[in-house]
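Remarks on the structure that follows.
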Amino acid sequence: MRKPTLAANREDAAVKIAELTGVDVDLIRRRIANDIKARNANKGLGFLSYAGILPIDLPDGTRIVVIPDVHVPAHDKLTIWAIKAFLKDYQPHILIFIGDVADVFGLSRWAKPPRVAVNQQGEIDETRRLMDALIEISGCIHVFYIMGNHEDRMMRYQSDPAPHVGGVLDFETREPILAFHGLLGYGPNDPITFIYDQAERGGFGGALLLNGDMNLHHGRIVRPKPAASPRADADETGRSTTTGHTHRVGMTVRQTTKGEIRAIELGHLVDVTHPYMSYANLTNNWHEALGIGRVVGGRIHLQPVPIKQVLVDGRPKMAFTYGGKVYRSPNR
Ligand SMILES: [Fe+2]
Numbered sequence: 028m029r030k031p032t033l034a035a036n037r038e039d040a041a042v043k044i045a046e047l048t049g050v051d052v053d054l055i056r057r058r059i060a061n062d063i064k065a066r067n068a069n070k071g072l073g074f075l076s077y078a079g080i081l082p083i084d085l086p087d088g089t090r091i092v093v094i095p096d097v098h099v100p101a102h103d104k105l106t107i108w109a110i111k112a113f114l115k116d117y118q119p120h121i122l123i124f125i126g127d128v129a130d131v132f133g134l135s136r137w138a139k140p141p142r143v144a145v146n147q148q149g150e151i152d153e154t155r156r157l158m159d160a161l162i163e164i165s166g167c168i169h170v171f172y173i174m175g176n177h178e179d180r181m182m183r184y185q186s187d188p189a190p191h192v193g194g195v196l197d198f199e200t201r202e203p204i205l206a207f208h209g210l211l212g213y214g215p216n217d218p219i220t221f222i223y224d225q226a227e228r229g230g231f232g233g234a235l236l237l238n239g240d241m242n243l244h245h246g247r248i249v250r251p252k253p254a255a256s257p258r259a260d261a262d263e264t265g266r267s268t269t270t271g272h273t274h275r276v277g278m279t280v281r282q283t284t285k286g287e288i289r290a291i292e293l294g295h296l297v298d299v300t301h302p303y304m305s306y307a308n309l310t311n312n313w314h315e316a317l318g319i320g321r322v323v324g325g326r327i328h329l330q331p332v333p334i335k336q337v338l339v340d341g342r343p344k345m346a347f348t349y350g351g352k353v354y355r356s357p358n359r
């Protein structure tokens, strides 16, 4: 499952991006590496993972794409097709998975429908394949993977009968042997950072803080109306916040005595007809979307882009528009 060529491919992509855009790719890479290493200095974590809120400063011109809840293998395959076409065009420097990339259905505590087959290793393998495909086609320099509550099912399930096993570390990486990222097969030399909370758990605490301007985390507070969840979150922290988790999409901007606070909710990329998604219904207010942004004037300009089912020549497709172009899937 390991792909040792991934780091080398990133180097090639970084050189290509630098030539095409004039953005100093080496500068971005150096900043990320230095930030992570400096802040991990007193923790038992390596370059591959981080526990807590990771502050990263990105230079102007850096392009960012945020991928919300994919829930492999219950992802919307047609939407992913359209997103790949977009990533090939946009070539983001930074790709951020904001949690629940894998559903980890096999280890959930919810009652399983008796006719639904579960293959946990198959889910992990498929998650890795999908991530690699998105990373490759995006040509990104670095990937951040903020752990969701679904990834934490792995640790919760396994440490339940034997909690001390959760603290056993891998000899080489010095990271917990049950860590989800280890099961995905990425190594410390891959240009990817997995962000956990301070207790090294997935779910609600770990975050990426970009340019001191935008806090990205999976999501903790849940409200029924679009954009209300990250808004409530931002009210607690006093900081602009982007979340996944709720599968709703929306954005609010408001002025406070401490300045402007944006709250962005990024939706999901799930096939709601998949058997794993039996809890999806119309009242959930779910919506497919992704986050697209760029650093301008030192600030993170990020917007949620809704993905809609549309009829083209009478045939349904999943589609979204960005930068004057339409990205759409094959026929559903
Ligand atoms: Fe989710």
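Numbering (my numbering), first residue to last: 28 to 359. Even for Gly, the Cβ is constructed at its ideal location relative to N, Cα and C. In this text, all values refer to a predicted model and were calculated from it rather than measured experimentally.
Flag this pair as yes or no: are the beta carbons of residue i and residue j separated by less than 8 Å?
{"i": "lysine 352", "j": "aspartate 116", "result": "yes"}
{"i": "isoleucine 125", "j": "leucine 293", "result": "yes"}
{"i": "phenylalanine 171", "j": "isoleucine 94", "result": "no"}
{"i": "histidine 314", "j": "valine 276", "result": "yes"}
{"i": "phenylalanine 207", "j": "methionine 181", "result": "yes"}
{"i": "alanine 261", "j": "isoleucine 288", "result": "yes"}
{"i": "leucine 75", "j": "isoleucine 55", "result": "no"}
{"i": "glutamate 150", "j": "glycine 229", "result": "no"}
{"i": "isoleucine 164", "j": "leucine 114", "result": "yes"}
{"i": "isoleucine 327", "j": "leucine 237", "result": "yes"}
{"i": "histidine 274", "j": "asparagine 311", "result": "yes"}
{"i": "leucine 105", "j": "methionine 278", "result": "no"}
Would you tell me roughly how many angstroms separate the C-alpha atoms of residue i and residue j, rounded to the nearest one?
{"i": "leucine 72", "j": "arginine 355", "result": "A caution first: leucine 72 carries a pLDDT of 47, below 50, which makes its placement in the model unreliable, though a value can still be read off. So the alpha carbons of these two residues sit roughly 41 Å apart."}
{"i": "aspartate 51", "j": "isoleucine 123", "result": "19 Å"}
{"i": "glycine 320", "j": "lysine 252", "result": "23 Å"}
{"i": "alanine 254", "j": "arginine 58", "result": "31 Å"}
{"i": "valine 97", "j": "arginine 142", "result": "23 Å"}
{"i": "glycine 350", "j": "valine 322", "result": "16 Å"}
{"i": "aspartate 62", "j": "proline 82", "result": "7 Å"}
{"i": "arginine 155", "j": "glycine 233", "result": "21 Å"}
{"i": "alanine 112", "j": "leucine 329", "result": "20 Å"}
{"i": "phenylalanine 198", "j": "proline 357", "result": "46 Å"}
{"i": "aspartate 159", "j": "proline 140", "result": "30 Å"}
{"i": "isoleucine 204", "j": "threonine 284", "result": "46 Å"}
{"i": "isoleucine 162", "j": "aspartate 217", "result": "11 Å"}
{"i": "glycine 341", "j": "serine 305", "result": "28 Å"}
{"i": "glutamate 263", "j": "valine 192", "result": "34 Å"}
{"i": "glycine 79", "j": "aspartate 187", "result": "23 Å"}
{"i": "glutamine 148", "j": "phenylalanine 231", "result": "24 Å"}
{"i": "arginine 258", "j": "valine 249", "result": "10 Å"}
{"i": "valine 339", "j": "threonine 200", "result": "50 Å"}
{"i": "methionine 194", "j": "alanine 60", "result": "Before going on, a small fix: residue 194 reads as glycine here, not methionine. Roughly 26 Å separates the two Cα atoms."}
{"i": "aspartate 224", "j": "glutamine 282", "result": "29 Å"}
{"i": "proline 333", "j": "tryptophan 137", "result": "29 Å"}
{"i": "proline 31", "j": "glutamine 185", "result": "Confidence in proline 31 is poor, its pLDDT being 40 and thus under 50, which makes the residue's placement too unreliable to answer from."}
Out of the options, which one is the CA nearest neighbour of residue i?
{"i": "cysteine 167", "options": "Arg90, Ile327, Asp224, Asn242", "result": "Arg90"}
{"i": "leucine 134", "options": "Thr264, Ala290, Ile63, Tyr303", "result": "Tyr303"}
{"i": "leucine 157", "options": "Gly194, Ile110, Pro188, His191", "result": "Ile110"}
{"i": "glutamate 202", "options": "Thr348, Tyr77, Val332, Pro343", "result": "Tyr77"}
{"i": "glycine 286", "options": "Met345, Val276, Leu296, Gly265", "result": "Gly265"}
{"i": "histidine 244", "options": "Asp103, Ala290, Met345", "result": "Ala290"}
{"i": "valine 145", "options": "Ala160, Pro357, Pro100", "result": "Pro100"}
{"i": "valine 299", "options": "Leu210, Asp130, Ala255, His169", "result": "Asp130"}
{"i": "aspartate 372", "options": "Ile162, Met174, Phe198", "result": "Residue 372 falls outside the range modelled here, since the chain spans only 28 to 359, and no answer is possible."}
{"i": "glycine 271", "options": "Arg250, Gly246, Gln282", "result": "Gly246"}
{"i": "glycine 88", "options": "Leu105, Pro119, Ala112", "result": "Pro119"}
{"i": "alanine 226", "options": "Val280, Arg183, Val332, Trp137", "result": "Arg183"}
{"i": "proline 331", "options": "Ala60, Gly194, Leu317", "result": "Leu317"}
{"i": "tyrosine 213", "options": "Ala60, His102, Asp152", "result": "Asp152"}
{"i": "glycine 325", "options": "Gly239, Arg250, Glu263", "result": "Gly239"}
{"i": "histidine 102", "options": "Phe132, Val280, Arg136, Gly193", "result": "Phe132"}
{"i": "isoleucine 121", "options": "Trp137, Leu235, Pro343, Thr200", "result": "Leu235"}
{"i": "threonine 269", "options": "His169, Val92, Gly209", "result": "Val92"}
DSSP puts residue i in a beta bridge; with which residues?
{"i": "threonine 393", "result": "Shown here, the chain extends from 28 to 359; a query on residue 393 therefore has no answer."}
{"i": "glutamate 287", "result": "Gln282"}
{"i": "proline 343", "result": "Leu338"}
{"i": "threonine 268", "result": "Asn242, Ala290"}
{"i": "leucine 75", "result": "DSSP output for leucine 75 lists no bridge partner at all."}
{"i": "threonine 154", "result": "Bridge partners of threonine 154: none, in fact."}
{"i": "glutamate 315", "result": "His295"}
{"i": "alanine 129", "result": "Val99"}
{"i": "phenylalanine 171", "result": "Ile123, Thr220"}
{"i": "tyrosine 354", "result": "Phe347"}
{"i": "proline 257", "result": "The partner list for proline 257 (beta bridge, DSSP) is empty, contrary to what the question assumes."}
- prompt: Among all residues, which have a Cβ less than 5 Å from at least one non-hydrogen atom of ligand 1, and in what chain order do they fall?
  reply: Asp96, Asp127
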